[in-house]
Amino acid sequence: KVIKVNPDTPQKAVRLGVLSSGKVLMTPQPRLRTGFFSTLSQDTIPDGTLRECCTSVGVAKHGTPLTLDDDVKVDLVVVGSTAVCPKTGARVGKGEGFAE
């Protein structure tokens, strides 16, 4: 399973949970400076770097960059929210993130 999680600090624990559970983490490159997305998984990151790989520095250092030609099926998308309507699921973010 591939789970896309935003690189924002509040989602750091979610990224750790994804990697700890053996799933593939897909995350945007910080500020999109070095590419669009990267993937990480337990079997592709060096031993002892799990927590580092949940940070923007770790993603840039240990992630596998994806190209526009890569065929990736995302199974779950996690985005941060300032507020979510419990009836409709509509969300409000800070207006400058990856999900706006």
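One rule links them: number in our numbering = place in the sequence shown (from 1) + 399. Even glycine gets a Cβ: it sits at the ideal position worked out from N, Cα and C.
Which residues mark the beginning and the end of the beta strand (DSSP E) in which V478 is found?
-> Translated into positions along the sequence shown, residue 478 becomes position 79. Note, V478: premise wrong, no beta strand (DSSP E); not H, not E.
What runs of the beta strand (DSSP E), each 3 residues or longer, lie entirely inside the region 436-471?
-> Runs of the beta strand (DSSP E) inside the region 436-471: 436-439.
Looking only at C-alpha atoms, which of Q428, L467, T454 sits nearest to G416?
-> Within the sequence shown, residue 416 is the residue found at index 17, counting from 1. The shortest C-alpha separation from G416 is found at T454.
Helix, strand or coil at K411 [DSSP, three-state] = Your numbering for residue 411 matches position 12 in the sequence shown. In the structure shown, K411 sits in a helix (DSSP, three-state: H, G or I).
Residue(s) in a DSSP beta bridge with P427 | Mapped onto the sequence shown, residue 427 falls at position 28. Note: P427 sits in a beta bridge opposite F436.
According to DSSP, is V417 helix, strand or coil?
-> For this step, residue 417 is matched to residue 18 along the sequence shown. V417 falls in the helix class under three-state DSSP.
Residue closest to C452, alpha-carbon to alpha-carbon, out of G492, M425, V491, G488 | On the sequence shown, position 53 is the one that residue 452 refers to. Comparing Cα-Cα distances from C452 to each of G492, M425, V491, G488, the minimum goes to M425.
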